[in-house]
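The structure under discussion appears below in the form of structure tokens.
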Amino acid sequence: MRILRFILLLLTFAALARADDGYRLWLRYDRIADDALRARYAASISEIVVPENPSPLVASARDELVAGLRGLLGVKVPVVSRATRDGALVLGTPDDPWIYSVVRESDQRAAGVEGYLLRRLAHDGGHRTLIVANRPAGVLYGAFAFLRHLQRQQPLEGLDLLSAPKIERRLLNHWDNLDRTIERGYAGFSLWEWFYLPDIRSPRYRDYARACASLGLNGTVLTNVNANAQILTRPYLEKVAALAEEFRPWGLRVYLTARFSAPMEIGGLKTADPLDPSVAAWWQSKVEEIYELIPDFGGFLVKANSEGQPGPQDYGRTHADGANLLADALAPRNGIVIWRAFVYSPSNTDDRVKQAVTEFAPLDGQFRDNVVVQIKNGPLDFFPREPFSPLFGRMPQTRLAIELQITQEYLGHSTQLAYLPPLWKEALDADTFASGPGTTIARIVDGSVKLQHPSVIAGVANTGTDRNWTGHLLAQSNWYAFGRLAWDHSFTSAQIADEWARLTFGPDEKVVSTLRQLLLGSRETVVNYSMPLGLHHIQAEGHHYGPGPWVADRPRADWTAVYYHRADAHGIGVDRTARGTNALGQYAPEWQRAWGDPQTCPDEFLLWFHRLPWDFRMKSGRILWDELCLRYQQGVDEARAMQRAWHSLRGQIDDERFTHVAQRLARQAQDARDWRDACLLYFQQFSQRPLPAGVEPPAHPLSYYQSIKLRHVPGHN
Ligand code: BDP
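Numbering-wise (this note's numbering), the sequence shown opens with residue 65 and increments by one.
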């Protein structure tokens with residue numbers, strides 16, 4: 065009996081060892097299996113040197129190193145306040161005279177406010193390793209970078225890495241409501257437990273902030289852009305202050321969304337007119353109240369006069385008037401206003417993709433210095449592929465931020481795999497030509513084209529209460545990648561995929577290379593089976609999951625699919641050249657030339673800019689209809705290939721994570737088929753052409769797909 069129990073116990077332990085719910089993200093710190101390497105590391109890291117009474121951020125760095133080294137090396141590395149042994153790992157800032165004496169001034173300059181230097185130095189016949197920075201935040205980021213170095217099993221010999229963020233404010237935007245639902249959130253409910261705050265504080269607050277800090281993220285907007293004014297009332301601000309306190313040791317500042325009509329809704333005023341002195345006074349005192357509670361409060365994010373949100377235009381004022389009102393209130397406390405340019409009006413019948421430029425470009429130069437205009441990467445929304453937003457090239461006198469979406473609103477939610485850096489980098493690397501060639505969006509945003517403080521990058525978060533934080537385990541890679549790109553947009557998608565795979569799944573080369581390929585191809589796969597050749601906005605209505613090219617008859621034409629594909633017997637696509645809506649005219653002449661002619665326009669933007677007959681001759685030599693069909697088929701083939709690739713890792717990944725991903729990839733392959741069949745059957749009504757060879761016959765008639773009504777889809781109220 066006893067033996068049986070013992071065996072059962074052993075089996076339970078074995079099962080546990082094989083199970084992993086993904087909670088630890090990329091910060092796993094599992095013991096390095098290679099004994100020789102572990103011993104080499106252990107021999108080179110003898111003690112952690114931290115000044116006495118360290119600042120909270122340096123204390124976080126110290127604790128992270130202690131925990132990380134204990135996990136990776138299986139030893140408890142002692143913490144001391146002065147180096148005593150060979151192999152000391154020295155943390156600190158140049159206030160320390162010894163650190164000052166060994167770090168060149170040029171390095172200090174290059175590290176800037178938040179950067180760090182990791183360096184192994186010869187010292188006294190042995191070695192020391194430095195994790196140094198000008199400020200505590202840099203020490204913290206350096207500690208994480210050092211642990212990343214060990215997690216990736218890189219040699220300590222010759223370690224010499226100086227890294228500094230290119231953008232100052234690296235923010236997550238949470239679209240979290242106060243009732244804890246999340247707009248376009250697919251990983252459970254909001255992490256912020258408003259009812260229990262400020263007294264009861266979930267340990268997840270710390271874990272969240274720590275994960276953000278590990279990537280160098282330094283701010284978080286807690287609330288939905290479709291804002292609720294309640295967040296600015298005293299009881300809620302006290303709750304926000306509690307969160308700020310939890311986040312502070314990790315260098316994460318809080319920001320809030322501000323509802324423009326708050327002075328009326330919670331302040332008892334008759335108006336929210338930005339030019340009304342009583343309104344200005346209300347915001348000033350509200351801002352004072354916030355800073356009393358949260359001295360390092362970051363500022364406001366505002367969605368105004370967009371999709372029904374209140375704003376300055378309700379009073380005949382401009383976006384600049386509205387933004388400047390809040391900016392003036394925040395300026396004495398060095399707070400900032402992030403004003404979104406995601407606008408399209410219910411009364412303007414012009415092409416929706418043009419409207420941000422129409423509304424914002426004339427306001428260039430009118431915003432205060434502490435206002436940043438935040439622009440989505442594309443001119444429409446967050447579709448699987450869009451050309452970059454032309455507004456980036458149209459406001460040279462305004463601070464501009466880029467808003468990326470980490471949550472996969474139009475790319476299969478947290479059910480499908482879509483690794484997003486290739487999408488984000490298309491935008492970041494896009495050349496606006498605004499001040500000559502090389503005026504990329506990344507360089508505009510990071511302030512290298514024209515020095516701009518503060519520089520801001522934002523990612524709409526994909527986190528929630530799911531144990532693995534992001535719903536789909538592999539969607540953790542998008543949170544990770546956003547943070548890494550926000551730090552340095554010159555990292556490549558492949559570099560980040562490789563890094564994330566190693567940290568999350570360990571060093572096995574087959575696992576890493578399989579994952580890297582899986583991630584890197586996934587976004588294009590989603591494009592192919594959902595919206596290839598420049599198609600856009602043909603998703604199901606409301607929840608945005610799955611196909612809906614037939615969507616028509618909505619309260620607004622620009623909320624339908626037919627408005628965006630315009631398929632009929634003659635052809636498909638929108639003419640956005642000068643002969644059509646001339647959205648193309650908002651881009652530099654270089655792009656007008658390249659994209660204006662369907663013969664030279666790249667396939668990926670073809671139907672975005674052109675309306676073409678079904679028998680248009682493509683670069684491949686095929687006619688448009690056949691090409692479209694084959695792209696959809698390719699997407700399905702690729703989705704199946706992703707499934708096969710994952711299955712080739714069976715036995716090399718713990719069962720829990722393996723099964724979790726396998727189930728989702730199977731669903732994705734099925735979803736890809738549904739997309740293909742629904743879209744091809746729908747468009748075939750107009751093209752009146754057969755499916756070309758190589759395209760599988762649809763599984764059901766069109767009416768079947770049109771009758772699907774998904775209910776209770778996450779992320780949609
Ligand atoms: C759209 C979303 C909507 C957001 C809006 C925004 O469907 O839920 O509120 O963007 O960014 O993509 O404001």
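All C-beta atoms, glycine included, are put in the ideal place defined by N, C-alpha and C.
Have a look at residue i and residue j and give me their C-alpha separation to the nearest angstrom.
i, j, result
"V376", "L320", "Residue identity differs from the one stated: residue 376 is Pro in this sequence, not Val. Using only the alpha carbons, I get a separation of about 19 Å."
"R399", "V304", "For the record, residue 399 in the displayed sequence is Gly; it is not Arg. Each residue's Cα considered, the two are about 16 Å apart."
"R548", "S110", "30 Å"
"H536", "R728", "8 Å"
"D784", "T245", "What is shown of the chain runs 65 to 781, which leaves residue 784 out entirely."
"G442", "L455", "9 Å"
"L617", "S409", "Here residue 617 turns out to be Asp, not Leu, going by the sequence shown. So the alpha carbons of these two residues sit roughly 18 Å apart."
"S227", "L181", "7 Å"
"L220", "D98", "15 Å"
"L121", "A201", "6 Å"
"R432", "A733", "49 Å"
"V513", "S499", "8 Å"
"N592", "F555", "25 Å"
"Y260", "L774", "33 Å"
"G758", "Q697", "8 Å"
"N117", "L155", "13 Å"
"A273", "G528", "13 Å"
"D378", "E329", "15 Å"
"F77", "D572", "Any reading at F77 must be qualified, since the residue scores a pLDDT of 49, below 50, and its modelled position is unreliable; the value itself is stated next. Distance between the alpha carbons of F77 and D572 is about 23 Å."
"I358", "R298", "12 Å"
"D84", "T534", "15 Å"
"A275", "L89", "8 Å"
"I439", "Q707", "35 Å"
With which residues is residue i paired in a DSSP beta bridge?
i, result
"H187", "G190"
"G429", "None, per the DSSP bridge assignment."
"P677", "G635"
"Y319", "V285"
"R467", "Looking at the sequence shown, residue 467 is not Arg but Glu. Note: E467 sits in a beta bridge opposite K440, A522."
"N237", "V285, V524"
"I402", "L365, V436"
"G156", "V196"
"R714", "I717"
If distances are taken between C-alpha atoms only, which option among the options comes closest to residue i?
i, options, result
"Y33", "D719, T479, G206", "Given a span of 65 to 781 for the chain in the structure shown, any question on residue 33 remains unanswerable."
"F295", "G190, D690, N241", "With the sequence shown as reference, residue 295 is identified as Ile, and Phe is not the correct amino acid for it. Closest by alpha carbon: N241."
"A642", "P666, L194, P662, R704", "P662"
"A726", "L688, D735, W710, Q373", "W710"
"N434", "E467, S453, G386", "G386"
"V437", "L444, A420, S411", "A420"
"Y769", "H780, L755, D741, E760", "D741"
"Q461", "F424, L492, P486", "F424"
"A57", "V417, V407, P341", "Residue 57 is absent from the model: the chain starts at 65 and stops at 781."
"L401", "Q373, S411, K418, W347", "Looking at the sequence itself, residue 401 is Val, so the reference to Leu does not match. Closest by alpha carbon: W347."
"R704", "D719, R737, E720", "R737"
"V139", "A106, Y379, V638", "A106"
"W488", "I560, L194, T422, D530", "I560"
"P765", "C743, G637, V777", "C743"
"E605", "V524, D622, A197", "D622"
"D160", "E178, L137, L464, I195", "I195"
"S557", "N526, W614, L492, L597", "L492"
"F546", "T578, P267, L484", "L484"
"P102", "L136, E720, W739", "For the sequence presented, residue 102 should be read as Arg rather than Pro. The shortest C-alpha separation from R102 is found at L136."
Could you confirm whether any beta carbon from chain B is found closer than 8 Å to the beta carbon of residue i?
i, result
"L339", "The structure shown contains no chain B; it is built from a single protein chain."
Exercise. Is the segment 443 to 455 in contact with the segment 666 to 678, if contact means three or more CB pairs nearer than 8 Å?
Worked result: yes
Exercise. If you pair each beta-carbon of the segment 326 to 341 with each one of the segment 267 to 285, do three or more pairs fall below 8 Å?
Worked result: no
Exercise. Can at least three beta-carbon pairs, one atom from the segment 380 to 398 and one from the segment 350 to 358, be found at a separation below 8 Å?
Worked result: yes
Exercise. Counting pairs of beta carbons, one from the segment 125 to 136 and one from the segment 93 to 113, are three or more of them closer than 8 Å?
Worked result: yes
For this session: Give a yes or no on contact between the segment 141 to 149 and the segment 111 to 118, applying the rule of three or more CB pairs nearer than 8 Å.
Result: yes
Problem set entry | Segment contact flag, the segment 311 to 331 with the segment 365 to 376, C-beta cutoff 8 Å, min 3 pairs | yes
Problem set entry | Touching by the beta-carbon criterion (3+ pairs, under 8 Å), the segment 171 to 181 and the segment 211 to 222 | no
Exercise. Would you call the segment 501 to 517 and the segment 623 to 638 touching, i.e. three or more CB-CB distances under 8 Å?
Worked result: no
Problem set entry | the segment 465 to 477 in contact with the segment 248 to 257 per 3-pair CB rule at 8 Å | yes
Problem set entry | Segments assigned beta strand (DSSP E), at least 3 residues, entirely inside the segment 243 to 289 | 283 to 285
Exercise. Per the contact definition of three or more C-beta pairs closer than 8 Å, is the segment 740 to 758 in contact with the segment 688 to 704?
Worked result: The segment 688 to 704 vs the segment 740 to 758: in contact.
Problem set entry | Secondary structure, beta strand (DSSP E): runs of 3+ residues fully inside the segment 96 to 137 | As far as the segment 96 to 137 is concerned, its whole beta strand (DSSP E) runs of at least 3 residues are 111 to 113.
For this session: Please determine if the segment 505 to 519 and the segment 230 to 238 are in contact, where contact requires at least 3 C-beta pairs separated by less than 8 Å.
Result: yes
Exercise. Does the segment 578 to 592 touch the segment 677 to 684, meaning 3 or more C-beta pairs lie closer than 8 Å?
Worked result: no
Exercise. Taking only runs of the alpha helix (DSSP H) that begin and end inside the segment 530 to 592, which ones reach a length of at least 4 residues, in chain order?
Worked result: 540 to 551, 557 to 569
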